[in-house]
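Asks:
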Amino acid sequence: MSIFLDERLSSLKAYVPGEQPKPGEFIKLNTNEFPYPPAPDVAQAAFDAVGGMHLYCDMNCTCLKAEFEKVFGYGGNNVLFTNGSDEALYLCFLAFCGKNRGAAFADITYGFYSVYADLCGLEKKIIPLDNDFSVVPSDYYGCDKTIFIANPNAPTGKKLSVEEVEGIVKNNNGIVVIDEAYADFSGSTCALLTEKYKNLVVVGTFSKSRGMAGARLGYVIADCLLIEDLNKVVFSINPYNVNSLTQSVGTAVLKNNDYYAECVDEICKTRDDFTNRIISLGFEAIPSYTNFVFAKHPEYSGEYIASKLRENGVLIRHFSNARINDYVRISIGTPEQMDSVVSALKKIIGGLK
Ligand code: PMP
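Taking the working numbering, I'd label the letters of the sequence shown as residues 907 to 1259.
1) Who are residue 1141's beta bridge partners in DSSP?
2) Buried or exposed: where does residue 1258 fall if 16 or more other Cβ atoms within 10 Å of its Cβ makes it buried?
3) Would you decide whether residue 1114 is buried or exposed? Buried here means 16 or more other CB atoms lie within 10 Å of its CB.
4) My assumption, with CB atoms under 8 Å, is that residue 1157 sits in contact with residue 969. Please give the rounded CB distance.
5) For the ligand PMP, any of its heavy atoms closer than 6 Å to the Cβ of residue 1052?
6) Which of the three DSSP states, helix, strand or coil, is assigned to residue 1020?
7) With a CB to CB cut of under 7 Å and the five nearest residues on each side skipped, what residues in its chain are close to residue 1174?
8) Thinking C-alpha only, which one of 1165, 1053 and 1086 is nearest residue 990?
9) Going by C-alpha to C-alpha distance, which of 1053, 1094, 1170 and 1227 sits closest to residue 1068?
10) Inspect the CB distances between the segment 1104-1123 and the segment 1072-1085 and report whether three or more fall short of 8 Å.
11) Which same chain residues end up closer than 7 Å to residue 907 when comparing Cβ atoms and leaving out the 5 residues on each side of it in sequence?
12) The ligand PMP and residue 964: does the residue's C-beta get closer than 6 Å to at least one heavy atom of that ligand?
13) Cβ-heavy atom distance between residue 1181 and the ligand PMP below 6 Å?
14) When the Cα of residue 988 is compared with those of 1003, 1046 and 1140, which residue comes out closest?
15) Roughly how many whole angstroms lie between the Cα atoms of residue 1246 and residue 1149?
16) Can you give me the Cβ contacts of residue 977 inside the same chain, cut-off strictly under 6 Å, excluding the 5 residues immediately before and after it?
17) What do you get for residue 972, buried or exposed, if any count of 16 or more other CB atoms within 10 angstroms of its CB means buried?
18) Using a Cβ-Cβ cutoff of less than 6 Å, which residues in the same chain neighbour residue 912 once the five nearest sequence positions on both sides are dropped?
19) Between residue 1113 and the ligand PMP, is there a pair consisting of the residue's CB and a ligand heavy atom that are separated by less than 6 Å?
20) Looking only at C-alpha atoms, which of 910, 962, 937 and 956 sits nearest to residue 1145?
21) Assuming contact is defined by CB atoms lying nearer than 7 Å, are residue 1028 and residue 1009 in contact in what I supplied?
22) Determine the DSSP secondary structure at residue 1148, reduced to helix, strand or coil.
23) Please classify residue 949: is it buried, with 16 or more other beta-carbons within 10 angstroms of its beta-carbon, or exposed?
24) In or out: residue 1064 buried (at least 16 other Cβ within 10 Å) or exposed?
25) Check whether the Cβ of residue 1166 sits closer than 6 Å to any heavy atom of the ligand PMP, and report yes or no.
26) Return the chain-ordered list of same chain residues with a C-beta closer than 6 Å to the C-beta of residue 1254, the five sequence neighbours on each side being excluded.
27) Taking the DSSP output, what are the residues bridged to residue 1109?
28) Return the first residue and the last residue of the beta strand (DSSP E) that residue 1233 is part of.
29) Report the CB separation of residue 952 from residue 1155 in whole angstroms; it is logged as a contact under 8 Å.
30) Leaving out the 5 sequence neighbours to the left and right, which residues in its chain are closer than 8 Å to residue 918 when beta-carbon positions are compared?
31) Measure the Cβ-Cβ separation of residue 1129 and residue 1001 and say whether it is below 7 Å.
32) Enumerate, from N- to C-terminal direction, the unbroken alpha helix (DSSP H) stretches of 4 or more residues contained entirely within the segment 943-969.
33) Let me know the secondary structure DSSP gives residue 1190 once reduced to three states.
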């Protein structure tokens, strides 16, 4: 740290992303990425975009938005695209929290909410999940802060129903941000509620269910006035936030939506099968609505399991937070990758504690 860093930033704890090893070094199940190759036309779309990359990109993401509307049913002034959904979340912290308002979120949830709140110098209201890691909707009623809820939640994999989310939105005058990074694996979305509620922001990503984690594409669906607010912030930071290669690739991905939907179905089947297999190895696994499983073993610590899997060539995620220290989060890969994880776990669990 230099002597020049702003005092406010010197104490900031930055987000710690999952490790990104060299390709092929590990079976990589630590950051909930999509495990299948892109649809066949996607590589051509990236190649085609290279010819136009000497020009600044389309700030309105016109082609991408048109395809998005065909798939999601929302477009025009109700949608904003971002550089990954992390940027969308950050824009919400910048636009809707304010110094005196602050942000409210669960004690166990996506780690970036706390980092963004600190970065913006906001007051934080941390709302504990209940004993079984559920979000209790009424805990969020009448909240005096801007609410951020990952639904399904990470790293627990649990979800609220659309009705429960509607209860939270209805019982608040302030903004409620629903982070739907994993919603495609859950069978439900709250996007429809944005037509009814002007204080609801739905954030999503192409990283998990559409194979674009490295290309960085996120989106917001909300009432047009909220999108206008967020756009004002985008145009105050970087109007070219979604680059032309990503726009082109994202458009091709949406044109091949059926392929991605089939892959998501496959991932959900693999997830449910993997969950049952590790339960039969003695794990306690929370039924997951995402592309990862959150589980613990009564005899082996989370840290031990993660480090032993690493020795066996499998990278997963373990969090040091005291409440979830016993758990590991394992992303769902291909069936073959999950076979390897099960074999490694059998070996580990038969070994020393
Ligand atoms: N929300 C949640 C709950 C996540 O787990 C992630 C992925 N780390 C994100 C948002 C951000 O994803 P991205 O920026 O790749 O869209």
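Note that beta-carbon positions come from the ideal geometry of N, C-alpha and C, so glycine has one too.
Replies: The relevant details are as follows:
1) Taking the first residue of the sequence shown as 1, we reach residue 1141 at position 235. None, per the DSSP bridge assignment.
2) The count along the sequence shown starts at 1 and reaches residue 1258 at position 352. Unreliable placement is indicated for residue 1258, whose pLDDT of 43 sits below 50; the coordinate value is still reported in the next sentence. Under this definition residue 1258 is an exposed residue.
3) To locate residue 1114, count along the sequence shown from 1; it is residue 208. Result: buried.
4) On the sequence shown, position 251 is the one that residue 1157 refers to. On the sequence shown, position 63 is the one that residue 969 refers to. Sure, about 5 Å apart at Cβ, within 8 Å.
5) By one-based count along the sequence shown, residue 1052 stands at place 146. No; taking the cut-off as 6 Å, the Cβ of residue 1052 has no heavy atom of the ligand PMP nearer than that.
6) Taking the sequence shown and counting its residues from 1, the one referred to as residue 1020 is at position 114. Three-state result, residue 1020: helix.
7) As a first step, residue 1174 must be located in the sequence shown, where it is residue number 268. Hits under 7 Å: 1091.
8) Numbered from 1 along the sequence shown, position 84 holds the residue referred to as residue 990. Closest by alpha carbon: 1086.
9) For the purposes of this step, residue 1068 is taken as the residue at position 162 of the sequence shown. Ranking the options by Cα distance to residue 1068, first place goes to 1094.
10) yes
11) The count along the sequence shown starts at 1 and reaches residue 907 at position 1. Here the set comprises 916.
12) Taking the first residue of the sequence shown as 1, we reach residue 964 at position 58. The answer is no for residue 964.
13) Counting from one through the sequence shown, the residue named residue 1181 turns up at place 275. It does not: the Cβ of residue 1181 is nowhere closer than 6 Å to a heavy atom of the ligand PMP.
14) By 1-based counting over the sequence shown, the position of residue 988 is 82. The option with the nearest alpha carbon to residue 988 is 1140.
15) Here residue 1246 refers to the residue found at position 340 when the sequence shown is read from its first residue. Here residue 1149 refers to the residue found at position 243 when the sequence shown is read from its first residue. Taking the straight line from one Cα to the other gives about 37 Å.
16) By 1-based counting over the sequence shown, the position of residue 977 is 71. Here the set comprises 1160 and 1163.
17) On the sequence shown, residue 972 is found 66 positions in, with the first residue counted as 1. Per the 10 Å Cβ criterion, exposed.
18) Residue 912 sits at position 6 when you count from the first residue of the sequence shown. Cβ neighbours of residue 912 beyond the five flanking positions: none.
19) As a working note, residue 1113 is residue 207 in the sequence shown. Result yes, Cβ under 6 Å from the ligand PMP.
20) Taking the first residue of the sequence shown as 1, we reach residue 1145 at position 239. Considering only alpha carbons, the answer is 962.
21) Counted from its first residue, the sequence shown places residue 1028 at position 122. Counted from its first residue, the sequence shown places residue 1009 at position 103. Result yes, Cβ atoms of residue 1028 and residue 1009 sit closer than 7 Å.
22) Here the question's residue 1148 lines up with position 242 in the sequence shown. Coil, per DSSP.
23) Translated into positions along the sequence shown, residue 949 becomes position 43. Burial call: exposed.
24) Numbered from 1 along the sequence shown, position 158 holds the residue referred to as residue 1064. Buried, since its Cβ has 16 or more Cβ neighbours within 10 Å.
25) The residue given as residue 1166 occupies position 260 in the sequence shown. It does not: the Cβ of residue 1166 is nowhere closer than 6 Å to a heavy atom of the ligand PMP.
26) Here residue 1254 refers to the residue found at position 348 of the sequence shown. The residues are 1214.
27) Here residue 1109 corresponds to residue number 203 of the sequence shown, with the count starting at 1. Looking at the DSSP assignment, residue 1109 forms a beta bridge with 1085 and 1126.
28) Mapped onto the sequence shown, residue 1233 falls at position 327. Its beta strand (DSSP E) spans residues 1233-1237.
29) Numbered from its first residue, the sequence shown carries residue 952 at position 46. Numbered from its first residue, the sequence shown carries residue 1155 at position 249. Right, their Cβ atoms sit about 5 Å apart.
30) Stepping through the sequence shown from its first residue, residue 918 is reached at position 12. If we look at residue 918 and ignore the five residues flanking it on each side, its Cβ neighbours are 1021, 1024 and 1025.
31) Walking along the sequence shown from the start, residue 1129 turns up at place 223. Walking along the sequence shown from the start, residue 1001 turns up at place 95. Result no, Cβ atoms of residue 1129 and residue 1001 do not sit closer than 7 Å.
32) 948-956
33) As a position in the sequence shown, residue 1190 is number 284, starting the count at 1. It is a strand residue.
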